[in-house]
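A.B. asks:
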């Protein structure tokens, strides 16, 4: 009998954000079979939000002609500090909730185990299971966005330390006593390697170099500078733009070299808005990294662009409870 | 029968250094039952060295009235780059050997599996199995000596990455474009937080501040400065000494905060000559670390002084092949 019937396992992943809650049913390869989303309206408090989340999940299961009993757990990815064991969201800036018992609340509506995970860790797991780092045991995914996020996968599982707080790789110092970071420390990698950092660096350079094309590109208004401006200026031959980009790539490289010297993951995945520059960024980044890592032998960590896009949160969340 | 007879497991660990080879028989608690050592005489080439190592191991086994068949493997800790799968020492400065097939060579004399491991990783495993981090799943041990060494234990096992090259935590940058490091990079933690770094910082400060007690303590000869000098000067009320110590502890803290933000190990163990300053160093270090780590909640990583001393290499090496 076993040879005749194919058992397909499905998983439920929730990407719980401050403005939107996205739910998906995912197969074991990490393909999304079905998904839907609702606004969060976080001001209502977590009880109402989780109730709507539960109803959305039940609706999605039913629409697929599946049953709650077809699933082993529900995985939720969300920003902030988490107590995984008890399924509690300790604190998240994006929601304003303190010690919200998300898992217990959701179980009022659906009788399945509920696992919480940090959203950056979900994205890293998604890249490991179905994205750029597929087939590897150990991988790290960094996200260059408003901040520098990151997730570490060891042995195919998210590494989050004994207190669920590991993986804050954006908050490692690359310039001791440097610029203030939102975390209270000075000189964190995030301050220099995030898109926010790049924008600040571009503004300073444009201000100091009035002749730079950057000023023309933003019509003289430095507030129009975004994470693409310096790259655009460089493409048109602007020296200041080129200097900004060079220095920015060096900053990204510093943190990546650190991570490789510590972990030597099989693959290091680079994601986030800035990574859209593609090979122009990645190629130059790799050159600096490989010239400066400690272990000069083979094999080396591969540095690859993120593949998973917007669904990474759902897919990673869906995979967090898988065994093996 | 099983209830009547106690089966005690014994392990063999080798600490293979450039000047001395130390071999020990270790029980499963990490206690050394018996040990002995011989000079390395590395110039002879690895074949002769490994032969002597093998004879020493056999002698030790016999003296304990044990048999080769009482053991499951031999563990060897050594400095340098290793190919674990094939038991090859790729390169080690301290020996001058290139691609030395240590495991195969030793098996000519003893019919047991042979496992190689980096010596800093062995020390970290020893602290985890029997030292300051006993009873924890995840711990990191740093060694503040000539350089800054380190080993990472995840799930009770050494984490060494897919290419056996992980754990080079001394080679993470804390001052981008800072002082030259031996690894070729600029601004590595090791440059600032090693005993070597402290000595250089003390020398510079003494030179710049001729009135400092440091100059008196070393009888005007800056070459007499060692890793204790600034601490000694501070103890006697010297302002320059105190400034050097404060800044040095800050440098150590920077790297430790980074490691905690990345890993949140249950315990972070501080070893090496400098750690002999005890609570004077550790207490001040902890204050800076806990004020600056990202996750302000509980539980926090414990920071403890190393316990294992000189036998850490033997004990860690003996434990590297253990399952579970």
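Residue numbers (the numbering used here), protein chains in the order written: chain A, 284 to 607; chain B, 284 to 607. C-beta: ideal position from N, C-alpha, C; glycine also.
CA-CA distance, residue 463/A and residue 363/A?
C.D. replies: 21 Å
A.B. asks: Chain A partners of residue 454/B, CB-CB under 7 Å?
C.D. replies: 544, 577
A.B. asks: Of all the options 376/B, 300/B, 337/B, which has the alpha carbon lying nearest to the alpha carbon of residue 465/B?
C.D. replies: 376/B
A.B. asks: Counting contacts by CB-CB distance shorter than 8 Å, is residue 350/A in contact with chain B?
C.D. replies: no
A.B. asks: Report the three-state DSSP secondary structure of residue 464/A (helix, strand or coil).
C.D. replies: The answer is coil: DSSP assigns residue 464/A none of H, G, I, E or B.
A.B. asks: Classify residue 499/B as buried or exposed, calling it buried when 16 or more other Cβ atoms lie within 10 Å of its own Cβ.
C.D. replies: Classification for residue 499/B: exposed.
A.B. asks: With three or more beta-carbon pairs closer than 8 Å as the criterion, would you say the region 413-424 of chain A touches the region 589-599 of chain A?
C.D. replies: yes
A.B. asks: Have a look at 575/A, 481/A, 528/A, 480/A and flag the residue whose alpha-carbon is nearest the alpha-carbon of residue 537/A.
C.D. replies: 575/A
A.B. asks: How close, in whole Å, do the beta carbons of residue 595/A and residue 295/A come, if the pair is a contact with beta carbons under 8 Å?
C.D. replies: The pair is not a contact, with the Cβ atoms about 16 Å apart (cut-off 8 Å).
A.B. asks: Quick check: the Cα distance between residue 604/A and residue 398/A, rounded to an integer number of angstroms?
C.D. replies: 7 Å
A.B. asks: Rounded to the nearest angstrom, what separates residue 400/B and residue 483/B at their Cα positions?
C.D. replies: 31 Å
A.B. asks: Using alpha carbons as the reference points, say which of 367/A, 514/A, 406/A lies closest to residue 387/A.
C.D. replies: 367/A
A.B. asks: Round the Cβ separation of residue 557/B and residue 568/B to the nearest angstrom and send it over; I've been treating them as touching at under 8 Å.
C.D. replies: 10 Å between Cβ atoms; not a contact.
A.B. asks: Looking at C-alpha atoms only, which residue of 551/A, 529/A, 531/A, 528/A is the closest neighbour of residue 539/A?
C.D. replies: 551/A
A.B. asks: Show which residues of chain A have a CB atom less than 7 Å away from the CB atom of residue 547/B.
C.D. replies: 444, 445, 446, 448, 449
A.B. asks: Distance, Cα to Cα, residue 323/B vs residue 442/A?
C.D. replies: 40 Å
A.B. asks: Determine the burial state of residue 598/B: buried for a count of at least 16 other Cβ atoms within 10 Å of its Cβ, exposed for fewer.
C.D. replies: buried
A.B. asks: Taking DSSP as the reference, what is the three-state secondary structure of residue 294/B?
C.D. replies: strand
A.B. asks: Along the region 409-430 of chain B, what residues have a CB closer than 9 Å to any CB found in chain A?
C.D. replies: 419, 420, 421
A.B. asks: What are the start and end residues of each continuous alpha helix (DSSP H) run of 4 or more residues lying completely inside the region 437-518 of chain B, in chain order?
C.D. replies: 472-476, 478-491, 496-500, 512-518
A.B. asks: What residue ranges within the region 380-420 of chain B form continuous alpha helix (DSSP H) runs of no fewer than 4 residues, ordered along the chain?
C.D. replies: For secondary structure counted as the alpha helix (DSSP H) over 4 or more consecutive residues, the region 380-420 of chain B holds these complete runs in sequence order: 385-390, 402-413.
A.B. asks: At what residues does the alpha helix (DSSP H) containing residue 566/B begin and finish?
C.D. replies: 562-575
A.B. asks: Mapping the DSSP letters down to three states, classify residue 581/B as helix, strand or coil.
C.D. replies: coil
A.B. asks: Determine whether the Cβ of residue 285/B lies closer than 8 Å to any Cβ atom of chain A.
C.D. replies: Note that residue 285/B has pLDDT 48, beneath the 50 cutoff, so the model's placement of it is unreliable and the number below is only indicative. Taking Cβ atoms only, chain A never reaches closer than 8 Å to residue 285/B, which makes this a no.
A.B. asks: Determine whether the beta carbon atoms of residue 304/B and residue 297/B lie at a separation below 8 Å.
C.D. replies: yes
A.B. asks: So residue 256/B contacts chain A; which residues on that side make the cut at Cβ distance below 7 Å?
C.D. replies: Nothing about residue 256/B can be read from this structure; chain B reaches only from 284 to 607.
A.B. asks: Would you kindly report the start and end of the unbroken alpha helix (DSSP H) that includes residue 551/A?
C.D. replies: Per DSSP, residue 551/A belongs to no alpha helix (DSSP H); it is in the beta strand (DSSP E), 550-554.
A.B. asks: For residue 446/A and residue 547/B, what's the separation of their Cα atoms in angstroms?
C.D. replies: Each residue's Cα considered, the two are about 7 Å apart.
A.B. asks: Quick one, are the C-beta atoms of residue 299/B and residue 343/B less than 8 Å apart?
C.D. replies: no
A.B. asks: Quick one: list the residues of chain B neighbouring residue 582/A, beta-carbon separation under 9 Å, in chain order.
C.D. replies: Taking a Cβ-Cβ threshold of 9 Å, the residues of chain B close to residue 582/A are 445, 446, in chain order.
A.B. asks: Are the C-beta of residue 607/A and some C-beta of chain B separated by less than 8 Å?
C.D. replies: The predicted model places residue 607/A with a pLDDT of 49, which falls under 50 and marks its position as unreliable, so this point remains unresolved.
A.B. asks: List the residues of chain B that residue 437/A touches, going by C-beta distances under 9 Å, in chain order.
C.D. replies: Ordered by position in chain B, the residues that pass the 9 Å Cβ test against residue 437/A are 437, 438, 442.
A.B. asks: Just the chain A side, please: which residues come within less than 8 Å of residue 537/B by C-beta, in chain order?
C.D. replies: 456, 459
A.B. asks: Quick check: the Cα distance between residue 435/B and residue 450/B, rounded to an integer number of angstroms?
C.D. replies: 6 Å
A.B. asks: Return the residues of the region 351-369 of chain A that lie within a Cβ-Cβ distance of less than 8 Å from chain B, sorted by chain order.
C.D. replies: 364
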